[in-house]
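A quick write-up on the structure given underneath.
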Amino acid sequence: YYSRERRVLTLEEAVRKMTSAPANRLRLLDRGLIREGFAADIVVFDPERIIDKATFMEPHQYAEGVEYVLVNGIIVVERGEHTKAKPGKVLKRP
């Protein structure tokens, strides 16, 4: 919304604010970037189709335009559908 429609942020700035910036703030040293040795948590999306469907009343709605999600290198969303895989884990700050 703030990137595509309002043009307040570039797409790159919006992605950074949702990935490496919070990982750095929380001192999650192996998260937030695509880099060798980092956790393979990756979202593949179409920036022209991405629509957040979650609301205050219904927060557990999947966004449209998300093609793939990998958590710890395991595909959990494939072609927009959840695979039922649960490779995530609770993270604790150092």
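Under the working numbering, the letters of the sequence shown match residues 6 to 99, in that order. Using N, Cα and C, we set each Cβ at its ideal position, and we do this for glycine too.
Using 8 Å as the threshold, is the C-beta distance between Gly70 and Ile55 below it? Closer than 8 Å, so yes.
Three-state secondary structure (DSSP) of Leu16: Leu16 falls in the helix class under three-state DSSP.
I need the straight-line Cα distance from Ala26 to His65, nearest angstrom please. Looking at the two C-alpha atoms, the distance is approximately 24 Å.
With 16 other CB atoms within 10 Å as the buried threshold, where does Val49 fall? Counting of Cβ neighbours within 10 angstroms places Val49 among the exposed residues, the total staying below 16.
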